[in-house]
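Residue numbers (the numbering used here): 42 to 375.
This report refers to the structure that appears directly beneath it.
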């Protein structure tokens, strides 16, 4: 790819799109031109980038003919419709939706873990689900040390995972709750303020929701292990940004707490975050705005000699989404 590419962001006015824009600026990403694309109703909106005001253009009327790289930060339908069109015109697409993640012809990439598969791309590269990315950042270094037999994951997911409207709804509903007045929800089917509920993705006949199956299927693909056993429970919690996860990891042989800490402290993209004496461990507020995934509270599972428990927290919009996409692009051009 051109080392100073012509770049487009599809979904530029959303939470991930705006964060992509910010990262391109703060990380001094080399580019020749930048095009911001969104729905027709957002066309004409101006967004500042490197001291310039850029006009948002309508995706429907845009040609990717001269675009080297396109970040897709839109929903599945948009990705399915426009990503193949862009790729057919020679554009490399980095897609954040789930549209192509399980396609055998599309690499699913976390650069710290499996950047080598980028050489196999045929025009479209998929970035994993946020919960998968946050989990695997901590799992992969351990997986490379000793065989993992089973992972049990529980996630505590913030409003940011559902977009800007969800963040706004949580804020407004919380205020309405405290003021004892009614509130008409439009994003979530259940009360969100001061409440928790099963992740609001599609529910299947087996009782799992789509978010939980994404963790299983995407993790297997990224690690290249179709037999890896994973069971996940995903819960929406009333925090604004950053997802937290508890992980129970069963190995084929004992893995000491000390070795686990040593392994993860040496791994890229991770940051140990704990104060054992005071009992303080990473929180979503700690992770907000940080590139790294925070980890801590590693301990021996008292019910199984070969299992460890741990706690991880990551900014869903950064490493869980926009940052991972930018890192993929950096790997391609730098």
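Glycine included, C-beta positions come from ideal geometry on N, C-alpha and C.
Practice item. Under the assumption that residue 263 contacts residue 154 (Cβ atoms under 8 Å), give the Cβ distance between them as a whole number of angstroms. Key: Position 222 of the chain shown, counted from the first residue, corresponds to residue 263. Position 113 of the chain shown, counted from the first residue, corresponds to residue 154. 6 Å between Cβ atoms; contact.
Point to revise | residue 304 - DSSP class collapsed to helix/strand/coil | key: Walking along the chain shown from the start, residue 304 turns up at place 263. Here residue 304 sits in helix by DSSP.
Practice item. Consult DSSP for residue 151 and reduce its assignment to one of helix, strand or coil. Key: Position 110 of the chain shown, counted from the first residue, corresponds to residue 151. In the structure shown, residue 151 adopts coil according to DSSP, grouped into three states.
Exercise for review: Determine the direct distance from the alpha carbon of residue 295 to that of residue 302, and round the result to whole angstroms.
Suggested key: Along the chain shown, one-based indexing puts residue 302 at 261. Along the chain shown, one-based indexing puts residue 295 at 254. Between residue 302 and residue 295, the C-alpha separation is close to 14 Å.
Check your understanding: Which residue comes first and which comes last in the alpha helix (DSSP H) that contains residue 184?
Key -> Stepping through the chain shown from its first residue, residue 184 is reached at position 143. Counting along the chain, the alpha helix (DSSP H) containing residue 184 begins and ends at 171 to 184.
Check your understanding: On the three-state DSSP scale, how would you describe residue 95?
Key -> Within the chain shown, residue 95 is the residue found at index 54, counting from 1. Strand at residue 95.
Practice item. Take residue 364 and list the residues in its own chain whose beta-carbon comes closer than 7 Å to its own, dropping the five residues that flank it on each side. Key: Taking the chain shown and counting its residues from 1, the one referred to as residue 364 is at position 323. Once the five neighbours on either side are set aside, the close Cβ partners of residue 364 are 64, 332.
**Study point:** Collapsed DSSP secondary structure at residue 255 in the structure displayed
**Key:** Your numbering for residue 255 matches position 214 in the chain shown. Reduced to three states, the DSSP call for residue 255 is helix.
Practice item. Can you say whether residue 284 is buried or exposed, counting buried as having 16 or more other CB atoms within 10 angstroms of its CB? Key: As a position in the chain shown, residue 284 is number 243, starting the count at 1. By the beta-carbon neighbour count (other beta carbons within 10 angstroms, threshold 16), residue 284 is buried.
Review point. If you compare alpha carbons, which of 246, 113, 216, 243 is closest to residue 232?
Key: Position 191 of the chain shown, counting from 1, holds the residue named residue 232. For residue 232, the nearest C-alpha among the options comes from 216.
Practice item. Assuming residue 179 contacts residue 351 (C-beta within less than 8 Å), just tell me the rounded distance between them. Key: Position 138 of the chain shown, counted from the start, is the residue given in the question as residue 179. Position 310 of the chain shown, counted from the start, is the residue given in the question as residue 351. The Cβ separation is near 7 Å, so the contact holds.
Check your understanding: What residue from 111, 368, 334, 67 has the CA that sits closest to residue 353's CA?
Key -> Counting from 1 along the chain shown, the entry for residue 353 is found at position 312. For residue 353, the nearest C-alpha among the options comes from 334.
Check your understanding: What is the residue span of the beta strand (DSSP E) that residue 82 lies within?
Key -> The residue you call residue 82 lines up with position 41 of the chain shown. Segment: none, residue 82 is in no beta strand (DSSP E) and carries neither H nor E.
**Study point:** 8 Å contact criterion, which residue 194 and residue 200 should meet: CB distance rounded
**Key:** Within the chain shown, residue 194 is the residue found at index 153, counting from 1. Within the chain shown, residue 200 is the residue found at index 159, counting from 1. The beta-carbon distance between residue 194 and residue 200, rounded to whole angstroms, is 20 Å. This is too long to meet the 8 Å contact definition.
Exercise for review: Please work out which residues of its chain come closer than 7 Å, Cβ to Cβ, to residue 304, disregarding the five sequence neighbours upstream and downstream, and give them in chain order.
Suggested key: Here residue 304 corresponds to residue number 263 of the chain shown, with the count starting at 1. Around residue 304: 182, 183, 186.
Review point. When you compare each of 191, 282, 102 to residue 348 by their alpha carbons, which one comes out closest?
Key: Within the chain shown, the letter at position 307 stands for residue 348. Residue 348 has its Cα closest to that of 191, out of 191, 282, 102.
Check your understanding: Is the Cβ-Cβ distance between residue 241 and residue 277 less than 8 Å?
Key -> Taking the first residue of the chain shown as 1, we reach residue 241 at position 200. Taking the first residue of the chain shown as 1, we reach residue 277 at position 236. The Cβ atoms of residue 241 and residue 277 sit closer than 8 Å to each other.
Practice item. For the beta strand (DSSP E) holding residue 349, just list the boundary residues, first then last. Key: Numbered from 1 along the chain shown, position 308 holds the residue referred to as residue 349. From DSSP, the beta strand (DSSP E) with residue 349 extends over 348 to 355.
Practice item. Please go through the same chain and pick out, in chain order, the residues whose beta-carbon is closer than 7 Å to the beta-carbon of residue 142, but skip the five residues on each side of it. Key: Translated into positions along the chain shown, residue 142 becomes position 101. Around residue 142, the same chain offers 149, 167, 169, 259 as residues with beta carbons nearer than 7 Å, after the five sequence neighbours per side are excluded.
Review point. Cα-Cα, which of 111, 70, 61, 359 is closest to residue 375?
Key: Counting from one through the chain shown, the residue named residue 375 turns up at place 334. Of 111, 70, 61, 359, the residue nearest in Cα terms is 70.
Review point. What are the partner residues of residue 286, as DSSP defines its beta bridges?
Key: Walking along the chain shown from the start, residue 286 turns up at place 245. DSSP lists 196, 353 as partners of residue 286.
Check your understanding: From which residue to which residue does the beta strand (DSSP E) around residue 89 run?
Key -> As a position in the chain shown, residue 89 is number 48, starting the count at 1. That run of the beta strand (DSSP E) goes 87 to 90.
Check your understanding: Among 366, 372, 373, which one has its Cα closest to the Cα of residue 62?
Key -> Taking the chain shown and counting its residues from 1, one reaches residue 62 at position 21. Out of 366, 372, 373, 366 has the C-alpha closest to the C-alpha of residue 62.
Practice item. Give a yes or no on whether the C-beta atoms belonging to residue 97 and residue 67 are separated by under 8 Å. Key: By one-based count along the chain shown, residue 97 stands at place 56. By one-based count along the chain shown, residue 67 stands at place 26. It is not a contact, given that the beta carbons lie outside the stated cut-off.
Exercise for review: Go through its chain and collect everything with a Cβ distance to residue 140's Cβ below 6 Å, but skip five positions before and after it.
Suggested key: The residue labelled residue 140 in the question sits at position 99 within the chain shown. Cβ within range, chain order: 117, 120, 121.
Review point. Would the beta-carbon of residue 286 fall within 8 Å of that of residue 172?
Key: On the chain shown, position 245 is the one that residue 286 refers to. On the chain shown, position 131 is the one that residue 172 refers to. The answer is yes: Cβ separation under 8 Å.
Review point. Can you round the beta-carbon distance between residue 50 and residue 112 to whole angstroms, since I take them to be within the 8 Å contact cut?
Key: The residue you call residue 50 lines up with position 9 of the chain shown. The residue you call residue 112 lines up with position 71 of the chain shown. About 5 Å; that satisfies the 8 Å criterion.
Point to revise | Opposing strand residues paired with residue 321 [DSSP bridges] | key: Within the chain shown, residue 321 is the residue found at index 280, counting from 1. Partner(s): 316.
Check your understanding: Skipping 5 residues on each side, what residues in its chain have a beta carbon closer than 7 Å to that of residue 91?
Key -> By one-based count along the chain shown, residue 91 stands at place 50. Answer for residue 91: 66, listed in chain order.
Exercise for review: Using alpha carbons as the reference points, say which of 42, 56, 73, 152 lies closest to residue 309.
Suggested key: Mapped onto the chain shown, residue 309 falls at position 268. The option with the nearest alpha carbon to residue 309 is 152.
Review point. Taking the alpha carbon of residue 221 as the point to measure from, which residue in 227, 229, 234 has its own alpha carbon closest?
Key: As a working mapping, residue 221 is identified with position 180 in the chain shown. Among 227, 229, 234, the Cα nearest to that of residue 221 is on 234.
Exercise for review: Let me know if residue 147 comes out buried or exposed under the rule of 16 or more other beta-carbons within 10 Å of its beta-carbon.
Suggested key: Counting from 1 along the chain shown, the entry for residue 147 is found at position 106. Buried, since its Cβ has 16 or more Cβ neighbours within 10 Å.
Check your understanding: Just curious, the alpha helix (DSSP H) that residue 63 is in, first and last residue?
Key -> Mapped onto the chain shown, residue 63 falls at position 22. Start and end: 56 to 67.
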